[in-house]
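Numbering (this note's numbering), first residue to last: 200 to 804. Here is the structure we will look at.
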């Protein structure tokens, strides 16, 4: 019943229906093309704009459930937290009101063009979800800023209108940049959502230069309707479906059966399983939630120490970023404008390298290595029978990566079609083959997907607007000249790049880091002769460490909650992994053949 109530909430329901359409339209298109020679008119563009609806309505639903990313205030007293968060939400409401005006300026400029999506549907009708969504966010954030019902209504009316008036009539060219930046920084530390602070900074810089504020809304619109972007929510939906059923248990049995049930085999099975599951689910936090309670007892039962086991599960869950169909991997390909299938191939060998660096350099190899006697044919036959049985039980889950990656790399499907096929495959197999996915669980998966993607897309859209301004201002060129004046040595630059990205990953949310830093650093890397695909693997490998480092390392917070351990114990358990992953990134940086060898062999470059 709780799940039905979730879908009854109209913003959530609208986003979920749009997501369902994103999955079904490509499937219908693939069926109609061979039968009738044509499919749905302008199907790809229609799916992209359904992605806009998912992003905006999903963000509204995420706000209602408190899932918009912000800096935590957990170390402060409860009353001080409440006061600071009140001001933070008030400021965010005003900034959202400004973004609403900027978005409406974009929509009004498109009305006169008369463009249609398909079947006569005016383009501006769908674009109007931009100001509508930002207006709802402004109202909800303002409502959340106060507790008393009467004052809540007053705030919900005043703060968004004040932001809109400020955007319409305030001369931002006269506003000192330093003052505006300090106000935004203060709002960030008061708990304002990250998207609002990034959006406010972009509006401040645009307004100070006398540029139209609609440029910020245009950047958000461009990234939400990017041709490859529908792959993100669809792959995320597929992963969450697998996480909500018993697929994790079946996969863990397969990995343990393959590697053996002794300490060494269990450690390798846990490391590989966590990495693969993160690639499928799109989030390392989801892996800890889905597998943490299953794998830590498994490690302890094999005689592995609890703290080291906790560190292994927490750190290994970060390594799936390099494996297809990882969402950050797709996101980098979109921002860097490199083929997604090339990134998929380029990440395979580095992912294996990083797992073994974690296990070996991180000191996670067990002291005792039990093995089954080679001279016991009955035991060997029993093992083979057990392996065959576990593989058969998990056959549908094991085929999911084949469906996702094989259909794309072979060229049979586009990235969107591959993601839609994977999502439908996950739903059908878990609902019909295993009968573990009912309507309640499916609605929960849809709801969680749209809220996750909505929150992420807000950050990405605002970050892209800020990045576009920095590119227009020539910041990448200035950075390239400055760095090259310090050193011409490629390997010294790679070392400095790795150190910088390590700290950036610990301070920035991964999607914001991709959108903001990749356009700034990629030209610099290319100037040193580094291939964009090679740079992408280096970039993502470094950000894997960010999952394990405070303050932005979400894995340690998830692990603390799942394992019910103090945060300091979790941090102490993962520091060897951070060292190991950093050594792995240096290896990938200085040996480009590990990254580029497979794509070149497959002829994808």
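We put the CB at the ideal spot given by N, CA and C, even for glycine.
key: Cβ distance (whole Å) where residue 531 is taken to contact residue 717 below 8 Å   = If you number the chain shown from 1, residue 531 lands on position 332. If you number the chain shown from 1, residue 717 lands on position 518. At roughly 6 Å, the Cβ-Cβ gap stays under 8 Å, so residue 531 and residue 717 are in contact.
inquiry  = Alpha carbons only, please: which of 738, 399, 682, 308 is nearest the one belonging to residue 703?
reply    = Position 504 of the chain shown, counted from the start, is the residue given in the question as residue 703. Here the closest residue by C-alpha is 738.
request  = For the region 307-344, list the alpha helix (DSSP H) runs that are entirely contained and at least 4 residues long, ordered along the chain.
outcome  = 322-326, 328-343
key: Span of the alpha helix (DSSP H), counted from its first residue to its last, around residue 556   = Working through the chain shown from its first residue, we reach residue 556 at position 357. Counting along the chain, the alpha helix (DSSP H) containing residue 556 begins and ends at 539-560.
task = Drop a sphere of 10 angstroms on the beta-carbon of residue 368, count the other beta-carbons inside from all chains shown, and report buried for 16 or more, exposed for fewer.
result = Working through the chain shown from its first residue, we reach residue 368 at position 169. It counts as exposed.
ask   = When the cut-off is 9 Å and only beta carbons count, does residue 711 lie next to chain C?
value = Checking the listed chains, one finds no chain C in this structure; it contains a single protein chain.
query = So is residue 763 buried or exposed if we call it buried at 16+ other beta carbons inside 10 Å?
reply = The sequence position of residue 763 within the chain shown is 564, counting from 1. Exposed, since its Cβ has fewer than 16 Cβ neighbours within 10 Å.
query = How about residue 696 and residue 724: do their beta carbons lie closer than 9 Å?
reply = The residue you call residue 696 lines up with position 497 of the chain shown. The residue you call residue 724 lines up with position 525 of the chain shown. Yes, the Cβ-Cβ distance between residue 696 and residue 724 is below 9 Å.
query = Per DSSP, what kind of secondary structure is residue 634 in: helix, strand or coil?
reply = As a position in the chain shown, residue 634 is number 435, starting the count at 1. Three-state DSSP puts residue 634 in coil, outside helix and strand.
query = With distances taken from CA atoms, which of 706, 388, 729 is nearest residue 279?
reply = Taking the chain shown and counting its residues from 1, the one referred to as residue 279 is at position 80. Minimum Cα distance to residue 279 is reached at 388.
Nearest to residue 641 (by Cα), restricted to the options 622, 776, 652, 313 = Within the chain shown, the letter at position 442 stands for residue 641. Comparing Cα-Cα distances from residue 641 to each of 622, 776, 652, 313, the minimum goes to 622.
query = DSSP state of residue 686, grouped into three classes?
reply = Working through the chain shown from its first residue, we reach residue 686 at position 487. Coil at residue 686, not helix or strand.
ask   = Taking DSSP as the reference, what is the three-state secondary structure of residue 753?
value = Taking the chain shown and counting its residues from 1, the one referred to as residue 753 is at position 554. Correct three-state label for residue 753: helix.
task = Taking only the alpha-carbon atoms, compute the straight-line gap between residue 409 and residue 479 and give it to the nearest angstrom.
result = Numbered from 1 along the chain shown, position 210 holds the residue referred to as residue 409. Numbered from 1 along the chain shown, position 280 holds the residue referred to as residue 479. The straight-line gap from Cα to Cα measures roughly 44 Å.
Residue span of the alpha helix (DSSP H) that contains residue 707, given as start and end = Here residue 707 refers to the residue found at position 508 of the chain shown. That residue, residue 707, is in no alpha helix (DSSP H); it is neither H nor E in DSSP.
key: Buried versus exposed, by CB contacts within 10 Å (16 or more), residue 801   = Start at 1 with the first residue of the chain shown, and residue 801 comes out as number 602. With fewer than 16 other Cβ atoms within 10 Å, it is exposed.
task = Kindly confirm or deny that the region 399-407 and the region 432-441 touch, where touching means at least three C-beta pairs closer than 8 Å.
result = no
task = Ignore the nearest five residues each way along the sequence and tell me which others in residue 217's own chain have a CB closer than 6 Å to its CB.
result = The count along the chain shown starts at 1 and reaches residue 217 at position 18. Excluding positions up to five away in sequence, the list reads 249, 252, 253.
message = Quick check on the burial criterion: 16 or more other C-beta atoms within 10 angstroms. Buried or exposed for residue 626?
response = Indexing the chain shown from 1 puts residue 626 at position 427. Result: buried.
ask   = Taking DSSP as the reference, what is the three-state secondary structure of residue 585?
value = For this step, residue 585 is matched to residue 386 along the chain shown. The answer is helix: DSSP assigns residue 585 an H, G or I state.
key: Beta-carbon spacing of residue 620, residue 229 below 9 Å   = Along the chain shown, one-based indexing puts residue 620 at 421. Along the chain shown, one-based indexing puts residue 229 at 30. For residue 620 and residue 229, yes; Cβs fall inside 9 Å.
message = One question on the structure: do residue 453 and residue 593 come within less than 9 Å of each other, judged by their Cβ atoms?
response = Your numbering for residue 453 matches position 254 in the chain shown. Your numbering for residue 593 matches position 394 in the chain shown. Yes. Within cutoff.
query = For residue 557 versus residue 523, is the C-beta spacing smaller than 9 Å?
reply = Start at 1 with the first residue of the chain shown, and residue 557 comes out as number 358. Start at 1 with the first residue of the chain shown, and residue 523 comes out as number 324. Cβ atoms of residue 557 and residue 523: not closer than 9 Å.
query = For residue 603, is the beta carbon positioned less than 8 Å from some heavy atom of the ligand GTP?
reply = Ligands displayed in this structure: none; no statement on the ligand GTP is therefore possible.
message = Could you compute how far the alpha carbon of residue 569 sits from the alpha carbon of residue 259?
response = Your numbering for residue 569 matches position 370 in the chain shown. Your numbering for residue 259 matches position 60 in the chain shown. Only weak support exists for where residue 569 lies, its pLDDT of 48 falling under 50; the value from the coordinates is given anyway. Approximately 53 Å between the Cα atoms of the pair.
message = Could you give the first and the last residue of the continuous alpha helix (DSSP H) run that contains residue 603?
response = Translated into the one-based positions of the chain shown, residue 603 becomes position 404. No alpha helix (DSSP H) holds residue 603; DSSP gives it neither H nor E.
message = Going by beta-carbon coordinates alone, are residue 657 and residue 419 separated by less than 9 Å?
response = What you label residue 657 is simply residue 458 of the chain shown in a count that begins at 1. What you label residue 419 is simply residue 220 of the chain shown in a count that begins at 1. In contact: residue 657 and residue 419 (Cβ atoms closer than 9 Å).
inquiry  = Using the Cβ count rule (16 or more neighbours within 10 Å means buried), how would you classify residue 613?
reply    = Taking the first residue of the chain shown as position 1, residue 613 is located at position 414. It is buried - the Cβ of residue 613 has at least 16 other Cβ atoms within 10 Å.
inquiry  = Assuming residue 512 is part of the alpha helix (DSSP H), what are its boundary residues?
reply    = Against the chain shown, residue 512 aligns to sequence position 313. Unbroken alpha helix (DSSP H) run through residue 512: 505-515.
inquiry  = Judging by CA-CA distance, which residue of 306, 690, 336, 296 is the nearest neighbour of residue 654?
reply    = Working through the chain shown from its first residue, we reach residue 654 at position 455. Nearest option by C-alpha distance: 336.
task = Would you kindly work out how many angstroms separate the C-alpha atoms of residue 678 and residue 340, rounded to a whole number?
result = As a first step, residue 678 must be located in the chain shown, where it is residue number 479. As a first step, residue 340 must be located in the chain shown, where it is residue number 141. Distance between the alpha carbons of residue 678 and residue 340: 37 Å.
From 263, 241, 221, residue whose alpha carbon lies closest to that of residue 650 = Sequence index remark: in the chain shown, residue 650 carries index 451 (1-based). Closest by alpha carbon: 263.
query = Going by the beta-carbon positions, is the gap between residue 407 and residue 383 smaller than 9 Å?
reply = Translated into the one-based positions of the chain shown, residue 407 becomes position 208. Translated into the one-based positions of the chain shown, residue 383 becomes position 184. No, they are not a contact pair.
request  = Following the continuous alpha helix (DSSP H) through residue 775, name the residue where it begins and the one where it ends.
outcome  = Sequence index remark: in the chain shown, residue 775 carries index 576 (1-based). Residues 766-789.
query = Can you list, in chain order, the residues of its chain whose CB lies under 8 Å from that of residue 334, leaving out five sequence neighbours each side?
reply = Numbered from 1 along the chain shown, position 135 holds the residue referred to as residue 334. Contacts found: 295, 296, 299, 359.
message = Three Cβ pairs or more, each shorter than 8 Å: is that satisfied between the region 441-459 and the region 587-603?
response = yes
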